[in-house]
Amino acid sequence: DDPMLRSMLHWLVGNIPGNDFTKGIPICKYLKPAPAEGSGPHRYIFVLLEQSRRRTFARLDNIPDFDVADFANQHHLRIIATNFFEAQRR
39 DDPMLRSMLH
49 WLVGNIPGND
59 FTKGIPICKY
69 LKPAPAEGSG
79 PHRYIFVLLE
89 QSRRRTFARL
99 DNIPDFDVAD
109 FANQHHLRII
119 ATNFFEAQRR
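Numbers 39 to 128, taken from our numbering, label the letters of the sequence shown in order.
Structure (structure tokens):
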């Protein structure tokens, strides 16, 4: 219910060569899904951003209320794919 937590940044990797994300540069460390008990389903969204060239990114923490569209615009990236899953703890 907290709108500040609806867009939490859980992971971000940049400068991925080809299709191998394991060779990219971590910008934000991975934070596993951990919905609070009884808080209902939480949606986790994967967003693939296209880079036209290699960029320098500042390291980020796991940010609540992260605006992926704003980040993409600031860094001249283009959203090219999305997918999601839902998780909940009972």
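We treat Cβ as the ideally placed atom computed from N, Cα and C, and that holds for glycine.
Coarse secondary structure for F84, derived from DSSP in three states: Locating residue 84 in the sequence shown gives position 46, where the first residue counts as 1. Correct three-state label for F84: strand.
CA nearest to the CA of P64, picked from Q89, F95, K70, H113: The residue labelled residue 64 in the question sits at position 26 within the sequence shown. With distances taken between Cα atoms, P64 lies closest to F95.
Simplified DSSP assignment, three categories, for F109: Your numbering for residue 109 matches position 71 in the sequence shown. If DSSP states are grouped into helix, strand and coil, F109 belongs with the helices.
Buried versus exposed call for L86 [16 or more other C-beta atoms within 10 Å across all chains shown]: Locating residue 86 in the sequence shown gives position 48, counting from the first residue. Under a 10 Å Cβ-count criterion, L86 is classified as exposed, with fewer than 16 other Cβ atoms of the shown protein chains found around its own Cβ.
Touching by the beta-carbon criterion (3+ pairs, under 8 Å), the segment 75-83 and the segment 110-117: no
Backbone secondary structure at T129 - three-state DSSP: Within the shown structure, residues of the chain are numbered from 39 to 128, placing residue 129 beyond reach of any answer.
L69 to F104 span [Cα, whole Å]: Within the sequence shown, residue 69 is the residue found at index 31, counting from 1. Within the sequence shown, residue 104 is the residue found at index 66, counting from 1. Roughly 14 Å between the two C-alpha positions.
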